[in-house]
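Worksheet for the structure shown next.
2 protein chains.
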Amino acid sequence: MRIALDAMGGDNAPEAVVDGAVEAAQLADGRFELILVGRQDELESYISKRGHSTGNIEIVHAPDVISMSESPATAIRRKREASIVVATKLHKEGVADAVVSAGNTGAAVASSLLSLGRMPGIDRPAIALFFPSRNGGTIVLDGGANSDNVPMHLEQFGYMGAAYAELILGRKNPRVGLLNIGEESSKGSELTREAHELLAASGLNFAGNVEGMDVIAGKVDVVVTDGFTGNVLLKFAESVAHYFGDIIKEGIEESLRAKIGAMFMKPVLRKMGKTLDYAEYGGMPLLGIDGVTIIGHGGSNAKAIKNAVLAAESFVKRDVNGSILIRIQETQ
Amino acid sequence: MRIALDAMGGDNAPEAVVDGAVEAAQLADGRFELILVGRQDELESYISKRGHSTGNIEIVHAPDVISMSESPATAIRRKREASIVVATKLHKEGVADAVVSAGNTGAAVASSLLSLGRMPGIDRPAIALFFPSRNGGTIVLDGGANSDNVPMHLEQFGYMGAAYAELILGRKNPRVGLLNIGEESSKGSELTREAHELLAASGLNFAGNVEGMDVIAGKVDVVVTDGFTGNVLLKFAESVAHYFGDIIKEGIEESLRAKIGAMFMKPVLRKMGKTLDYAEYGGMPLLGIDGVTIIGHGGSNAKAIKNAVLAAESFVKRDVNGSILIRIQETQ
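Here the protein sequences line up with chains A and B, keeping their order.
The numbers in this note's numbering rise by one with no breaks, and the one at position 314 of the first sequence is 314.
One gets this note's numbering by counting positions in the second sequence from 1 and adding 1000 to each.
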């Protein structure tokens, strides 16, 4: 198996991507090889500077870089030799079996759609988020591949999320909930009321409506929502985590007592920190494309990149796309 | 000034409402009187059991109770003598100047709309949420009075939120942001792209799009969003707070070291807890109605009720509705 990395994507690129690739390659044990896609001279000079050994890592040159703030649609059109574009092309051509990018999310989505296309039966791809929760983690989708959705999209997100939760989180017959603002089927927006009907008739293990608090409560394995709501939730959740972290940090800096207390509480605080550290969870797959694209956090460090590579490996090995296809076909 | 309390509303009613009313009444110092609306015998028996002195508290009998889980529209129609319905009627008739309810939110909204109606120039009322943030607090609206909104509603939420932030939080020329999934004006859903245009032309101190993380970052004073997104965010935020609290509690229970650490860290942990305790913030006003309804958290304890009463007093005293009216009229 070969996994292509967008070496120029992310706030800490290319250094963190190279370091993460090297860490992942050391764990590969013959199961996969890596392709770093980016500016060859920059990548080679960093690799030699760090003294990395790169036995199972190849470099493919891509001269252009799409920055985090560029408009995805325009950037994809103008920068045909951008690292993310070249990486998804390598995947399309069969040179790579998956792509990992911590770069501009919109560009990764647009480039994946352009090169790889959608899976048959899927109208819109969706980013599957992982939220830590009381049942060991909840998948929330869409996390922001879309800004507007219609009810049918949410039904399709249900199939994709269920396949992913089953194969990657190991949940049998995953429970799928619809994010809404009330428990009863009559509650919610026009979108969610219609989506509720579709999901109830879908053959999925549909648990009905869930609310904002149920994401972390772990009431279901998969939470289906539109890309707008999912993206707001993701960004809010990250910021809450930082906010609490900062309250604790400031408290410790201001007082010796608190500093001593923090030493005693270290395992608890570490557990909190670990729960909130996206680097632990690897990347988020873009589900519904005819291929495998794993999207890493923009702020990914080497550990996050390593975990994203391992997430890509699992995704390919367990054939999540095959399982999505079967679920879609069964309903048609 | 007279403030009517829905004495039967909330998970801990009527006890917490009565206790909270008594606490508030002790602080009234002649500024306001309270009316407890609910089952007279129940209220009197609890008051005498507790030995409360109720000099400036009157009881108005209302035999019906709307439970937290009842469908608001149906309940309002069928239970014409429900405590929340009688309370809003007292307000309409001028017997009371404001209503406080920690009961079924939908019923409080529906009953307020039915008895008091909308303010001229406002199409939809909105619940103004208070989120703790790095700038001392951010107002987010709508928190769930609506399940579907059109762009014009979001513009109106901007006027209402700005008036509230100015008079209650003391922010001069409050910055208003539009919750979206990207910073550029071209980003987002159809709803937010159109609302962006309206807000940019509104005469408000419009700061453009903000994202999920900006609510807590305190980038703006007011965040405008549809009732669906706002309600999901509110419920998610509360659950995250509990989740972190539980991680710390469990850690302390499992280990003596952590328990000792927590003793040393008490001020920091207390600050965290206080940040997250809705009881500190009193209730959330339903803006845009032709009257004053303060909605308390369903789980309100006596302290939360007391703070909701004080919030109602401030709202009336500072004439937030008058300021909303002026803002609306200036734009027409």
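Ideal Cβ placement from N, Cα and C applies to all residues, glycine included.
Here the structure is a predicted model, which is why all the values come from computation and not from measurement.
Problem - S53/A, buried or exposed, once every other Cβ within 10 Å from all chains shown has been counted against 16 - result: Translated into the one-based positions of the first sequence, residue 53/A becomes position 53. Result: exposed.
Practice task
Please determine, among A102/A, D319/A, K219/A and I252/A, the residue with the shortest C-alpha to C-alpha distance to R134/A.
Solution key: By one-based count along the first sequence, residue 134/A stands at place 134. When only C-alpha atoms are compared, the closest one is K219/A.
Practice task
Compare the Cα-Cα distances from M213/A to each of G51/A, L199/A and A237/A and report the closest residue.
Solution key: Numbered from its first residue, the first sequence carries residue 213/A at position 213. Cα-wise, what sits closest to M213/A is A237/A.
Handout entry: Residue interval of the beta strand (DSSP E) (run including V1060/B)
Key = As a working mapping, residue 1060/B is identified with position 60 in the second sequence. Per DSSP, the continuous beta strand (DSSP E) segment holding V1060/B begins and ends at I1057 to H1061.
Practice task
Using the Cα positions of V1240/B and E1254/B, report the straight-line distance between them to the nearest angstrom.
Solution key: Sequence index remark: in the second sequence, residue 1240/B carries index 240 (1-based). Sequence index remark: in the second sequence, residue 1254/B carries index 254 (1-based). Distance between the alpha carbons of V1240/B and E1254/B is about 21 Å.
Handout entry: Close Cβ partners of A1258/B (< 6 Å) along its chain, the five nearest in sequence each way excluded
Key = As a working note, residue 1258/B is residue 258 in the second sequence. In its chain, beyond the 5 residues on either side, G1251 and I1252 have a beta carbon closer than 6 Å to the beta carbon of A1258/B.
Problem - Ranges of the alpha helix (DSSP H) found wholly within the segment 1087-1123 of chain B, counting only runs of at least 4 - result: Runs of the alpha helix (DSSP H) inside the segment 1087-1123 of chain B: 1105-1116.
Handout entry: Cross-chain neighbours of G1261/B in chain A, by beta carbon under 9 Å
Key = The residue given as residue 1261/B occupies position 261 in the second sequence. Think of a sphere of 9 Å around the beta carbon of G1261/B: the chain A residues whose beta carbon falls inside it are I260, G261, A262, M263, F264, M265, K266, V268 and L269, in chain order.
Practice task
Please list, in chain order, all residues of the same chain as G230/A whose beta carbon is under 7 Å from its beta carbon, the five residues on each side excluded.
Solution key: On the first sequence, position 230 is the one that residue 230/A refers to. Excluding residues within five positions, the ones whose Cβ falls inside 7 Å are L129, V140, L141, D142, G143 and G144.
Exercise for the section: Have a look at Q1040/B and G1106/B and give me their C-alpha separation to the nearest angstrom. Expected result: Stepping through the second sequence from its first residue, residue 1040/B is reached at position 40. Stepping through the second sequence from its first residue, residue 1106/B is reached at position 106. One Cα belongs to Q1040/B, the other to G1106/B, and the distance between them is close to 24 Å.
Exercise for the section: Let me know the alpha helix (DSSP H) ranges lying completely inside the segment 176-236 of chain A, each 4 residues or longer, listed in chain order. Expected result: DSSP runs (the alpha helix (DSSP H)) wholly in the segment 176-236 of chain A: 190-200 and 214-217.
Practice task
Taking only beta-carbon positions, decide if V334/A is within less than 8 Å of chain B.
Solution key: Since the first residue of chain A shown is 1 and the last is 332, residue 334/A is not available in this structure.
Problem - Which listed residue (V1292/B, E1058/B, G1117/B and G1020/B) has its alpha carbon closest to that of G1010/B - result: Start at 1 with the first residue of the second sequence, and residue 1010/B comes out as number 10. Measuring from the Cα of G1010/B, the nearest candidate turns out to be G1020/B.
Handout entry: Contact set for E313/A: own chain, Cβ-Cβ below 6 Å, skip 5 residues either direction
Key = Here residue 313/A refers to the residue found at position 313 of the first sequence. Answer for E313/A: F32, listed in chain order.
Exercise for the section: Please state whether DSSP places D6/A in a helix, a strand or coil. Expected result: Taking the first sequence and counting its residues from 1, the one referred to as residue 6/A is at position 6. In the structure shown, D6/A sits in a strand (DSSP, three-state: E or B).
Exercise for the section: Could you tell me which chain A residues have their CB closer than 8 Å to the CB of A1237/B, listed as they occur along the chain? Expected result: The sequence position of residue 1237/B within the second sequence is 237, counting from 1. What A1237/B touches in chain A: G212, F236 and V240.
Practice task
Answer yes or no: does any C-beta atom of chain C fall closer than 8 Å to that of T88/A?
Solution key: In the structure shown, chain C cannot be found, because the protein chains are A and B.
Exercise for the section: Can you grab the Cα-Cα spacing for the pair A7/A / H91/A, in whole Å? Expected result: Sequence index remark: in the first sequence, residue 7/A carries index 7 (1-based). Sequence index remark: in the first sequence, residue 91/A carries index 91 (1-based). Going by the C-alpha atoms only, they are around 15 Å apart.
Problem - Residues that T138/A bridges to, as DSSP identifies them - result: As a working mapping, residue 138/A is identified with position 138 in the first sequence. Per the DSSP secondary-structure output, T138/A pairs in a beta bridge with F131/A.
Exercise for the section: Please decide whether N231/A counts as near chain B, where near means a Cβ-Cβ distance under 8 Å. Expected result: What you label residue 231/A is simply residue 231 of the first sequence in a count that begins at 1. The Cβ of N231/A sits closer than 8 Å to at least one Cβ of chain B.
Exercise for the section: Look at the alpha carbon of A1200/B and the alpha carbon of I47/A, and state the distance between them as a whole number of angstroms. Expected result: Taking the second sequence and counting its residues from 1, one reaches residue 1200/B at position 200. Taking the first sequence and counting its residues from 1, one reaches residue 47/A at position 47. So the two alpha carbons sit approximately 48 Å from each other.
Exercise for the section: Would you kindly report the start and end of the unbroken alpha helix (DSSP H) that includes L1286/B? Expected result: Stepping through the second sequence from its first residue, residue 1286/B is reached at position 286. That residue, L1286/B, is in no alpha helix (DSSP H); its beta strand (DSSP E) goes M1284 to L1287.
Exercise for the section: Report the three-state DSSP secondary structure of A1013/B (helix, strand or coil). Expected result: As a first step, residue 1013/B must be located in the second sequence, where it is residue number 13. In the structure shown, A1013/B sits in coil (DSSP, three-state: anything other than H, G, I, E or B).
Problem - Cβ pair I260/A, I122/A closer than 8 Å - result: Within the first sequence, numbered from 1, the residue matching residue 260/A stands at position 260. Within the first sequence, numbered from 1, the residue matching residue 122/A stands at position 122. Against a cut-off of 8 Å, the Cβ pair of I122/A and I260/A comes out as no contact.
Handout entry: Bounding residues of the beta strand (DSSP E) (the contiguous stretch that carries G1261/B)
Key = Taking the first residue of the second sequence as position 1, residue 1261/B is located at position 261. Element bounds for G1261/B: not the beta strand (DSSP E) but the alpha helix (DSSP H), L1256 to F1264.
Exercise for the section: Spell out whether any CB of chain A is found under 8 Å from the CB atom of E1190/B. Expected result: By 1-based counting over the second sequence, the position of residue 1190/B is 190. Contact of E1190/B with chain A is assigned, a C-beta pair being separated by under 8 Å.
Handout entry: Residues of the segment 168-192 of chain A with Cβ closer than 9 Å to any Cβ of chain B, in chain order
Key = The residues in question are L179, N180, I181, G182, E183, E184, S186, K187, G188, S189, E190, L191 and T192.
Handout entry: Buried or exposed by the 16-neighbour rule on C-beta atoms within 10 Å, applied to Q156/A
Key = Along the first sequence, read from residue 1 onward, the residue named residue 156/A stands at position 156. Buried, by the Cβ-count rule.
Exercise for the section: Could you tell me whether any Cβ in chain A is nearer than 8 Å to the Cβ of D1221/B? Expected result: To locate residue 1221/B, count along the second sequence from 1; it is residue 221. Closer than 8 Å: no.
Exercise for the section: Could you tell me whether the Cβ atoms of M1265/B and A262/A are closer together than 8 Å? Expected result: Mapped onto the second sequence, residue 1265/B falls at position 265. Mapped onto the first sequence, residue 262/A falls at position 262. Yes; because the gap between Cβ atoms is below 8 Å, this pair is in contact.
Exercise for the section: Quick one: measure Cβ to Cβ for S1185/B and G1208/B, integer angstroms, because I've assumed they're closer than 8 Å. Expected result: Here residue 1185/B corresponds to residue number 185 of the second sequence, with the count starting at 1. Here residue 1208/B corresponds to residue number 208 of the second sequence, with the count starting at 1. Correct: roughly 7 Å between the Cβ atoms.
Handout entry: Cβ-based burial, K306/A [other Cβ within 10 Å; buried from 16]
Key = To locate residue 306/A, count along the first sequence from 1; it is residue 306. The residue in question, K306/A, is buried, as its Cβ has 16 or more Cβ neighbours within 10 Å.
Practice task
Confirm, please, whether the CB-CB distance from A1087/B to I1066/B is below 8 Å.
Solution key: Taking the second sequence and counting its residues from 1, one reaches residue 1066/B at position 66. Taking the second sequence and counting its residues from 1, one reaches residue 1087/B at position 87. The answer is no: Cβ separation not under 8 Å.
Practice task
Measure the C-alpha to C-alpha separation of Y1243/B and A1028/B and round it to an integer number of angstroms.
Solution key: One-based indexing of the second sequence puts residue 1243/B at position 243. One-based indexing of the second sequence puts residue 1028/B at position 28. Straight-line measurement puts the Cα of A1028/B at about 37 Å from the Cα of Y1243/B.
Practice task
Give the secondary structure of E1081/B by DSSP, where H, G and I count as helix, E and B as strand, and everything else as coil.
Solution key: On the second sequence, residue 1081/B is found 81 positions in, with the first residue counted as 1. Coil, per DSSP.
Exercise for the section: Compare the C-beta of D148/A against all C-beta atoms of chain B and say whether one is closer than 8 Å. Expected result: On the first sequence, position 148 is the one that residue 148/A refers to. Closer than 8 Å to the CB of D148/A there is at least one CB belonging to chain B.
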